[in-house]
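Take a look at the structure below.
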């Protein structure tokens, strides 16, 4: 049994006191970050990356810490969704649909516990799925040449907008922006500078951490300045938290179905977590029918998107680790983590660095149990976090972001770029242009171009080479369908609007 | 004319992308070249952006709700503040610029001067302690020469 031997290796790393402590600390910080109104997994992990690196941890330790924060933020995000009706990120939107009505009906505690258990089931099953599927996929990935990788990147970018964006042109513009920014710097083949406008600071290109912190964290601060922090008021009180065993038992099939579907949605490159929670909520709504009362505050309406969302988060790690193509905004941020640690994701990761992969998987399993323990009995501790006023929180987020970047690069120019990306992020989000594709473009742009150029070197400039294998043709067809399908499906699958008071 | 924002944005995208293409065509090539070269990919990507910008001009979405003038002003103040902070962090040390920047940001979010001042100073000192002592980052508290 390969998997058992590998898991043993993983647990031998994860159970060292140091790694275990990092996992617990990461879960704690992550839950806090996720629970803070306005901060979700992606911007939460974004501001933690530079700090983690400036602490000088080794690769496995930083990866364990940051993925624990990631998982923790996925759990914590439901707290602000349910109590404040503020989703921390796109996938959490579905949880507000039934979570907030439940909280308004005085059942906030029940909603938090049910969603906590659902998160656990989703994340746990997805981690098992990751263990089984990732090694298989990495074996297939060995057959990928430059043409196949290029097709895969095209697929990732074309499905990125998907259901989460309302306008395919805007999603495509975002991807193009990212790719255009990625091209700035030294040409990898010729070593000549390009598109730098003669600016010496731009010779090394734009650091993706700078872009991530600007687009995700600083733009959020601008939104808070616009709303004057009004959205941060906690109108719901949380009474004694009891565990509604019977109700959890009634949602068991919902949780299992949603975990399965969410995991599959997460595995699709580019599509990711928002698709997972959306599809699971719609599926359960359909199964429950009119009598199900979805949208009025029912347990299944909370359990389905949370299980789906967390399963998708785990599923998104599969393409990220085996192919280097992230499946969601937050996994894009995690890819940035790997790239900064000089770990190249891809099929060779499983053979060359089994300690990293299996240490990570074992840590995720442990983190899940830690998170269940933190999020069900200790949920009241985290609810207090919501009372931190935005006028204190947002300056803190800004300063932490700046210090993180500054201590990493030591350059004032990067700080100015952070501000510029913050402004860009604000304008893009105002215009309903998604920001995740921009990040993906910056992260993957150089690889995408390299694969294209390598393919052309192999074929001596023959463009038809890109469509010469079954895998690449299949991926390109999937890309075209994935880009066009939402335009037609959107008519039938209208996204439920967030409820307002 | 309604739906102006998307049209203007589309136009800006087209202009930026065209400038980008112009920039890409200026790229110096070296003797080490491959069939694709360093211009092709940037030009393709920017051309797609031009196309999408055109689609935004002809099929604009509904107008987003832009903030009122006063809010735009306070956003502009914050941007200028953060740029100034970027320049000040190195020569002036951590404590002073951070206290001022955090205080003003806090005031922009919730206009209570006393609260903002305390938040600024508290955050600055608290974060310095956290970064310097617990996380061990190499920050300088005050400019050299101030404390002898």
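Protein chains in written order, with this note's numbering: chain A, 23 to 523; chain B, 84 to 231.
Cβ coordinates follow ideal geometry from the N, Cα and C atoms, glycine included.
Everything numeric in this text was worked out from a predicted model, so none of it was measured.
Cβ proximity to chain B below 7 Å picks out 434, 437, 438, 441 from the segment 430-444 of chain A.
Nearest to residue 102 of chain B by C-alpha distance, out of B:125, B:171, B:140, is B:125. Within the segment 350-394 of chain A, the runs of alpha helix (DSSP H) that reach at least 4 residues and sit entirely inside it are, in chain order, 351-362, 369-374.
Interface criterion not met: the Cβ of residue 208 of chain B is under 8 Å from no Cβ in chain A. At a cut-off of 8 Å, the C-beta of residue 219 of chain B has a neighbouring C-beta in chain A. Excluding five sequence positions before and after residue 68 of chain A, the CB atoms of its chain that fall closer than 7 Å to its own CB belong to 234, 235, 238, 239, 355, given in chain order.
DSSP lists no beta-bridge partner residue for residue 475 of chain A. Cβ neighbours of residue 140 of chain B within its own chain (closer than 7 Å, five residues either side excluded): 90, 93, 94. In the displayed model, residue 165 of chain B falls within a helix according to three-state DSSP. Sequence-distant partners of residue 127 of chain A (beyond 5 residues in either direction) whose C-beta falls short of 7 Å from its own C-beta, in its chain, are 319. The Cβ atoms of residue 137 of chain A and residue 324 of chain A lie closer than 8 Å to each other. The C-beta of residue 510 of chain A has fewer than 16 other C-beta atoms within 10 Å across all chains shown, which makes the residue exposed. If you check each beta-carbon in the segment 474-500 of chain A against every beta-carbon of chain B, the ones closer than 7 Å belong to 474, 475, 478, 479, 482, 483.
Taking the beta carbon of residue 418 of chain A as reference, the chain B residues within 8 Å of it are 185, 206, 210, listed in sequence order. Close to residue 215 of chain B, with beta-carbon spacing below 7 Å, lies no residue of chain A; the smallest spacing is near 10 Å.
Put simply, the CB of residue 223 of chain B is far from chain A, with every gap to its CB atoms at 8 Å or more. Listed along chain B, the residues sitting closer than 7 Å to residue 250 of chain A by beta-carbon distance are 192, 193.
By alpha-carbon distance to residue 497 of chain A, the top candidate from A:149, A:169, A:117, A:437 is A:169. Secondary-structure assignment with DSSP links residue 216 of chain A through a beta bridge to A:207. When only Cα atoms are considered, residue 105 of chain A and residue 88 of chain A end up about 26 Å apart. Rounded to whole angstroms, the gap between the alpha carbons of residue 170 of chain B and residue 220 of chain A is 21 Å. When only Cα atoms are considered, residue 135 of chain B and residue 443 of chain A end up about 21 Å apart. Distance from the Cα of residue 215 of chain B is smallest, within the candidate group A:212, A:201, A:76, A:122, for A:76.
Residue burial annotation: residue 159 of chain B is exposed, with fewer than 16 other C-beta atoms found within 10 angstroms of its C-beta. Annotation for residue 216 of chain B: no alpha helix (DSSP H) segment contains it, and DSSP assigns it neither H nor E. Listed along the chain, the chain B residues whose CB falls inside 8 Å of the CB of residue 76 of chain A are 218, 220.
At a cut-off of 8 Å, the C-beta of residue 413 of chain A has a neighbouring C-beta in chain B. Nearest neighbour of residue 165 of chain B by Cα position, chosen from A:188, A:465, A:460, A:437, turns out to be A:437. When C-alpha distances from residue 144 of chain B are compared across A:63, A:158, A:191, the shortest belongs to A:191. Between residue 205 of chain A and chain B, the shortest Cβ-Cβ separation is below 8 Å.
Shown here is that no member of the segment 32-55 of chain A has a Cβ falling below 9 Å from a Cβ of chain B. When rounded, the separation of the alpha-carbon atoms in residue 222 of chain A and residue 121 of chain B is 19 Å.
At least one CB of chain A lies nearer than 8 Å to the CB of residue 158 of chain B. The shortest CA-to-CA distance from residue 263 of chain A to any of A:125, A:131, A:96 is the one to A:131. Under the three-state reduction of DSSP, residue 190 of chain A is assigned to helix.
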